[in-house]
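From first to last, the protein sequence lines are chains A, B, C and D. Mapped onto the UniProt record's numbering, the consecutive letters of the first sequence carry residue numbers 1 to 228. Mapped onto the UniProt record's numbering, the consecutive letters of the second sequence carry residue numbers 1 to 228. Mapped onto the UniProt record's numbering, the consecutive letters of the third sequence carry residue numbers 1 to 228. Mapped onto the UniProt record's numbering, the consecutive letters of the fourth sequence carry residue numbers 1 to 228. Every residue, glycine too, gets a C-beta built ideally from N, C-alpha and C. Input: a single structure, listed below in C-alpha cells.
Protein chains: 4
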Amino acid sequence: MHRCPLTGTSSPADRAGPRSRTGRPRSAEADRAILDATRAALVELGWGKLTMGDVAARAGVAKTTLYRRWANKNELVLDAVAVLFDELELPDRGCLQADIEGVVLQFASLLARPETKTALMAVVAESTTDEALRVRIRAAVVERQKRLVVLGRERAQARGELPPDPAGEEGAAAAGRAVGLIFDVIAGAVVHRALVSAEPVDERWAQQFSALLLTGLAGLAEAGPAGA
Amino acid sequence: MHRCPLTGTSSPADRAGPRSRTGRPRSAEADRAILDATRAALVELGWGKLTMGDVAARAGVAKTTLYRRWANKNELVLDAVAVLFDELELPDRGCLQADIEGVVLQFASLLARPETKTALMAVVAESTTDEALRVRIRAAVVERQKRLVVLGRERAQARGELPPDPAGEEGAAAAGRAVGLIFDVIAGAVVHRALVSAEPVDERWAQQFSALLLTGLAGLAEAGPAGA
Amino acid sequence: MHRCPLTGTSSPADRAGPRSRTGRPRSAEADRAILDATRAALVELGWGKLTMGDVAARAGVAKTTLYRRWANKNELVLDAVAVLFDELELPDRGCLQADIEGVVLQFASLLARPETKTALMAVVAESTTDEALRVRIRAAVVERQKRLVVLGRERAQARGELPPDPAGEEGAAAAGRAVGLIFDVIAGAVVHRALVSAEPVDERWAQQFSALLLTGLAGLAEAGPAGA
Amino acid sequence: MHRCPLTGTSSPADRAGPRSRTGRPRSAEADRAILDATRAALVELGWGKLTMGDVAARAGVAKTTLYRRWANKNELVLDAVAVLFDELELPDRGCLQADIEGVVLQFASLLARPETKTALMAVVAESTTDEALRVRIRAAVVERQKRLVVLGRERAQARGELPPDPAGEEGAAAAGRAVGLIFDVIAGAVVHRALVSAEPVDERWAQQFSALLLTGLAGLAEAGPAGA
DNA sequence: CTGTAATCGAGACGGTACGTCGGGTCTTCAA
DNA sequence: TTGAAGACCCGACGTACCGTCTCGATTACAG
Numbered sequence: 001m002h003r004c005p006l007t008g009t010s011s012p013a014d015r016a017g018p019r020s021r022t023g024r025p026r027s028a029e030a031d032r033a034i035l036d037a038t039r040a041a042l043v044e045l046g047w048g049k050l051t052m053g054d055v056a057a058r059a060g061v062a063k064t065t066l067y068r069r070w071a072n073k074n075e076l077v078l079d080a081v082a083v084l085f086d087e088l089e090l091p092d093r094g095c096l097q098a099d100i101e102g103v104v105l106q107f108a109s110l111l112a113r114p115e116t117k118t119a120l121m122a123v124v125a126e127s128t129t130d131e132a133l134r135v136r137i138r139a140a141v142v143e144r145q146k147r148l149v150v151l152g153r154e155r156a157q158a159r160g161e162l163p164p165d166p167a168g169e170e171g172a173a174a175a176g177r178a179v180g181l182i183f184d185v186i187a188g189a190v191v192h193r194a195l196v197s198a199e200p201v202d203e204r205w206a207q208q209f210s211a212l213l214l215t216g217l218a219g220l221a222e223a224g225p226a227g228a
Numbered sequence: 001m002h003r004c005p006l007t008g009t010s011s012p013a014d015r016a017g018p019r020s021r022t023g024r025p026r027s028a029e030a031d032r033a034i035l036d037a038t039r040a041a042l043v044e045l046g047w048g049k050l051t052m053g054d055v056a057a058r059a060g061v062a063k064t065t066l067y068r069r070w071a072n073k074n075e076l077v078l079d080a081v082a083v084l085f086d087e088l089e090l091p092d093r094g095c096l097q098a099d100i101e102g103v104v105l106q107f108a109s110l111l112a113r114p115e116t117k118t119a120l121m122a123v124v125a126e127s128t129t130d131e132a133l134r135v136r137i138r139a140a141v142v143e144r145q146k147r148l149v150v151l152g153r154e155r156a157q158a159r160g161e162l163p164p165d166p167a168g169e170e171g172a173a174a175a176g177r178a179v180g181l182i183f184d185v186i187a188g189a190v191v192h193r194a195l196v197s198a199e200p201v202d203e204r205w206a207q208q209f210s211a212l213l214l215t216g217l218a219g220l221a222e223a224g225p226a227g228a
Numbered sequence: 001m002h003r004c005p006l007t008g009t010s011s012p013a014d015r016a017g018p019r020s021r022t023g024r025p026r027s028a029e030a031d032r033a034i035l036d037a038t039r040a041a042l043v044e045l046g047w048g049k050l051t052m053g054d055v056a057a058r059a060g061v062a063k064t065t066l067y068r069r070w071a072n073k074n075e076l077v078l079d080a081v082a083v084l085f086d087e088l089e090l091p092d093r094g095c096l097q098a099d100i101e102g103v104v105l106q107f108a109s110l111l112a113r114p115e116t117k118t119a120l121m122a123v124v125a126e127s128t129t130d131e132a133l134r135v136r137i138r139a140a141v142v143e144r145q146k147r148l149v150v151l152g153r154e155r156a157q158a159r160g161e162l163p164p165d166p167a168g169e170e171g172a173a174a175a176g177r178a179v180g181l182i183f184d185v186i187a188g189a190v191v192h193r194a195l196v197s198a199e200p201v202d203e204r205w206a207q208q209f210s211a212l213l214l215t216g217l218a219g220l221a222e223a224g225p226a227g228a
Numbered sequence: 001m002h003r004c005p006l007t008g009t010s011s012p013a014d015r016a017g018p019r020s021r022t023g024r025p026r027s028a029e030a031d032r033a034i035l036d037a038t039r040a041a042l043v044e045l046g047w048g049k050l051t052m053g054d055v056a057a058r059a060g061v062a063k064t065t066l067y068r069r070w071a072n073k074n075e076l077v078l079d080a081v082a083v084l085f086d087e088l089e090l091p092d093r094g095c096l097q098a099d100i101e102g103v104v105l106q107f108a109s110l111l112a113r114p115e116t117k118t119a120l121m122a123v124v125a126e127s128t129t130d131e132a133l134r135v136r137i138r139a140a141v142v143e144r145q146k147r148l149v150v151l152g153r154e155r156a157q158a159r160g161e162l163p164p165d166p167a168g169e170e171g172a173a174a175a176g177r178a179v180g181l182i183f184d185v186i187a188g189a190v191v192h193r194a195l196v197s198a199e200p201v202d203e204r205w206a207q208q209f210s211a212l213l214l215t216g217l218a219g220l221a222e223a224g225p226a227g228a
C-alpha cells in the first residue's frame, strides 16, 4: 500500500511518501474541498448514507482523486472529523470543578453536532475490525483530547487542588495511569450519556458529574501513593 | 407494517401482529438458527462486512425468512446481540467496591467478545439517524444494564454503605438521576477504555476505577440532599 | 460459466441450463425489451458509444438483469442484430441473375441500416480474439445467410441454369465447397464495397456484380467436375 | 487543431502543421517505438483490450507523447497497421490466374497476422461513425491495395489476356468501375472467408476463387462495352 | 552563451463506464 | 400461510481508461 499512516497533523496531500520529484503535484485545494464536502455530507446524510461518489461530486472532484488520498470511507471520514477536535480548549475558570464542567459541556456540544455524532461511533465500530484505523483514531482523536486532561491536571496541581505528581519513574507511570483513567471516565461518561442513553448533557448533569469526579479524584489522590 | 417493536423479551416468532390463526406457523428453529448465524457472521466478518444474504445462507434459510421477522440489518443484529446482555449478573461480593469491580470486569469481558464489540458501536452509530433503532436500543441494552445499577444501589443501601433514597416525589427523581449518572459513568468508562482508547480493562484498572467511583458516590450522597 | 452457447433460435430466457424448477422464472418481457433497447441504442449511438448501463435504462431494467443473460456487450449486440438477418429472403425473380441481384440489393439494404453496419464489423473484430463469439457468429449470422445460397443454387439447378450436383460423397463435398465459395464472394463483395470502400451498392453495381458472378459460376460448373 | 490528415506516406513526426522552426524537435525514435509497441500490443491483446497507457509503457514513452502525434486510438492503430499493407506486391507469375492466386494468398497471409486481423475490422467498424477515419482508411488501406488491381489489369492487357481499356472519357469511367468491382470482389471474398466464415484461405480455395473470377472477368470484358 | 520555445517523462486530474455486490422486494412452486 | 429459491430494481462500490493538464527537466535553434 502506498499510503502512510496519518500523523495527526500532516495534510493528506503530503502523504504520498517522499514526495515524488516528478509529475504533477497533488492539488492542496482538492484536499480542502474534499474534507469540507465530507463534513457537509455527514451533516446532511449521516454516516450510513454518505457515499464516496456523493462526496466527490460535492467537492467538484473525480472519485479517483478521493481514492488516491484515502483508502476508504473510514479513513476519509476520520480525517474530516478529526480537525473538529482541535476546537476543544481548556479555558481557565478558576477552580477544578469549573474546569471540568467546562470541558464536559464543550465536549458535549461537539458531540451534539451531527457530523461528529454520527461519524465518531461508526468509525470506532469499524476500528474493531481494522487495526490501521484504530491507530489512526488514537492519533487523531484520543491524543488530541488527552492533552486537555494533562493540562487540567497540571493547572489544578499548580492551584494546590491536587497533590503534585509523585517523584520517580514509578510515580510518572502512576500519573500516566491516572490521566488515562480520568480521560476515559470523562469522555466515556459524556459519550455514553449523549449517544447511548441518548439524554441531554446539560448544566445540571455536568455539575453533578463534575462533583462526582472531583470527590473521586480527591480520594484517589489520598489513596494513590499507597494504593496503586 | 406487520412488524411491531421489540419489547426486549419477546421472541421474534411471536411478533407477527395479531397472530394469524391459519396457514403454516413460523418455524421457531429458524429464529434460533438465524440469530446464531448472525452472531457467527459478526465474529468472522464484523458489522461492516456482514450481509443479510450471508446470514441467510449460514442459517440455511431464505432471505425472505429473515425479512419476514426483522425489518432490516440493524434490528436483526441488535436482537442477536441483545441476548448476550442477559448474561450480566450482580453476584453479591460483600461490599460495594467489590460489587463495582465485579460488574466492571464482567461488562469488560462481554465487550471483549468480537460480536459484541463490533455490533454495539455500529448499532449506536446507526441510531443517531434512526429514531426507531434508538428506542430499541434503550429497551434491549440500556434498560437491561441499568437494573444492575439499581440493584447494586439497593444492596449497598441495605448494607448501609449508601444512605437510603430521600422520601417524596422529588427524592425519587433525584434517585433516578443518580442511577442514570452512575450508569453512564460505569458503562461509558468501560466502553471508552475498551473501544476508543483500545486498552485493556484489567483488574488493576477496575480497582482504580471502582475506588474513584466509590469515593465520588460517597461525596455525592453527602452533598446530594442539599445540592441537587 | 453458467451461460450456454446460442443455438441461433432459442430465446435467451431459455438458456439457463435445465430450467431450474424453483425460484422466480426469468422475465420473457425483459428479454424482448433489452433486445429492442439494444437496437435502438445502436441506431442512436453506434457500437462504440453504446453502454450496458444505457441499454438497461432504455429497457427499464437493472444492469444485473442484463449480465444475468449475456456475458458482455459483444454477445448482447450479436443477439440483438442476428434476428435482423431473418428478414433476408430469396424471392423467385425468374432467372439466376435476377435472383442474385435481388439478394445483393437486399443484403446491401440490410447493411445500410445503422444498427447493422456498426455492430456487424465490431462484433467480427472482437471475434478475432474471442473463440466463443466466433462460434456464435457462425450460428447467428453465417448459417442464416448460407441457406439463401443453397436455396438459390437449387432453384437454378431446377431451372436448368446450373448443372445438378455431382453424385457421390465427393460430389457432395464439392457442392459444399462451391456454396461456401459463392457465399463468401457475394457477402464479402457487398460488405467490402459498403463498409470498406464506402461506396454505394446500387442497381448498376448489383447488375455488374451479378453478371460477373454468373459467368464465373458457369465456368466453374464446366471446369468443376474435372478441376476440383 | 495542429494535426493534419495522413497522406499515407508522411511520418507522424512530420505532421506538426507549419513545422515550428524553434523548440525541441520531435523524437523520430519515439515514433518508431510507439508504432512497434502498438503492433505488439495488438498481437497480445487485440483491439478491444489495447490501451493507450499500455502502448505508452511498452514504448517507454509518456502518454502525452502519443497524443501529441495521434488524436486517438483509432488513428494510431490505423497508422500502425497501414504500413503492413506496403508489403503487398504483385510478382509476375506469367498468367492472370496465377497472378490472382498470388495476390489472394498474399493478402490472406497478411490477414492471418493477429495484429492485422483484429485491427482492420475494428477500425472499419469505428469508421461507420467517424467520417475522418473513413477518409484515412481509404488513403491508408484501400488505395494501397487498389493499385495492385490496376497493375494486374494492365499486365493482363499487355499479355492480351484482357481487352484494352475502351477509349474516351466514358471508357475511362467504365475501366474505373471495373477496377473497383474487381477490388471489392477479391478483397471482400478473402476478408469474408478469413474473418467472418473463419475458414482457411488455402491453395485450393485460392485456385477455385481465381478460376471463378477469371471466367467472370472474361465474360465482363465481352459484355462490358455493350452492357455498361 | 543566453534566452526562447518546443519537446520529454511523470503522474495527477475530471470524466465515463465498467462489472460486481448488497439491500430489500416480488414471484413461483412446494409443503 | 410459510418457506426455499432465485429473479428483480436500485444504488453504491472500487477500478480502469480516456484524453487533458501541470510539473520539472531537456534539447534545439536564434540572437
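Separation of residue j from residue i, as counted between CA atoms
i: Glu29 (chain D); j: Trp70 (chain A); result: 39 angstroms
i: Asp54 (chain A); j: Arg134 (chain B); result: 27 angstroms
i: Pro166 (chain B); j: Ala178 (chain B); result: 12 angstroms
i: Ser27 (chain C); j: Asp36 (chain C); result: 15 angstroms
i: Asp184 (chain B); j: Gly23 (chain A); result: 53 angstroms
i: Glu222 (chain A); j: Pro164 (chain A); result: 12 angstroms
i: Arg147 (chain A); j: Leu220 (chain B); result: 27 angstroms
i: Asp31 (chain C); j: Val61 (chain C); result: 10 angstroms
i: Glu199 (chain A); j: Ala206 (chain A); result: 12 angstroms
i: Gln157 (chain A); j: Val142 (chain A); result: 23 angstroms
i: Ala226 (chain B); j: Gly171 (chain B); result: The pLDDT assigned to Ala226 (chain B) is 45, lower than 50, so where the model puts this residue is not dependable, and the model offers no usable value.
Contact under 8 angstroms by Cβ, residue i with residue j
i: Ala119 (chain A); j: Leu42 (chain A); result: yes
i: Leu162 (chain A); j: Leu105 (chain A); result: no
i: Ala59 (chain D); j: Ala33 (chain D); result: yes
i: Asp99 (chain B); j: Leu110 (chain B); result: no
i: Ala140 (chain B); j: Ala82 (chain B); result: yes
i: Leu195 (chain A); j: Thr128 (chain B); result: yes
i: Arg155 (chain B); j: Asp92 (chain B); result: yes
i: Leu215 (chain D); j: Thr215 (chain C); result: The identity of residue 215 (chain D) in the sequence shown is Thr, whereas the question assumes Leu. Contact: yes.
Nearest residue (CA-CA) to residue i, options the options
i: Ser197 (chain A); options: B:Arg32, B:Val124, B:Leu66, B:Leu84; result: B:Val124
i: Lys49 (chain C); options: C:Asp36, C:Lys73, C:Ala174, C:Leu84; result: C:Lys73
i: Val190 (chain D); options: D:Ile182, D:Gly180, D:Val201; result: D:Val201
i: Ala187 (chain A); options: A:Leu90, A:Asp86, A:Ala108; result: A:Ala108
i: Arg204 (chain C); options: D:Leu181, D:Ala221, D:Ala112; result: D:Leu181
i: Ser210 (chain A); options: A:Val149, A:Glu169, A:Thr129, A:Glu101; result: A:Glu101
i: Arg113 (chain A); options: A:Ala158, A:Phe85, A:Thr129, A:Thr51; result: A:Phe85
i: Arg79 (chain B); options: B:Arg147, B:Ala221, B:Glu170, B:Thr116; result: Checking the sequence, you will find Asp at residue 79 (chain B) rather than Arg. Answer by Cα proximity: B:Thr116.
i: Ser76 (chain C); options: C:Glu87, C:Lys63, C:Leu88; result: According to the sequence provided, residue 76 (chain C) is Leu. The question's Ser does not apply to it. Nearest of C:Glu87, C:Lys63, C:Leu88 to Leu76 (chain C), Cα basis: C:Lys63.
i: Gly176 (chain B); options: B:Gly160, B:Arg153, B:Arg193; result: B:Arg153
i: Leu151 (chain B); options: B:Ala40, B:Pro25, B:Val103, B:His192; result: B:Val103
i: Glu126 (chain C); options: D:Arg39, D:Pro25, D:Trp47, D:Gln208; result: D:Trp47
Heavy atom of the ligand ZN within 7 angstroms of residue i beta-carbon
i: Thr129 (chain D); result: As far as ligands go, the structure on display features none, and thus does not contain the ligand ZN.
Item to complete: Name, going along the chain, the residues of the stretch 113-133 of chain B whose beta-carbon falls closer than 9 angstroms to a beta-carbon of chain A.
Response: Pro114, Lys117, Thr118, Ala119, Leu120, Met121, Ala122, Val123, Val124, Ala125, Glu126, Ser127, Thr128, Thr129, Asp130
* Asked: Taking Cβ-Cβ distances below 8 angstroms as the criterion, which residues of the stretch 187-199 of chain D are in contact with chain C?
  -> Ala187, Gly188, Ala189, Val190, Val191, His192, Arg193, Leu195, Val196, Ser197, Ala198, Glu199
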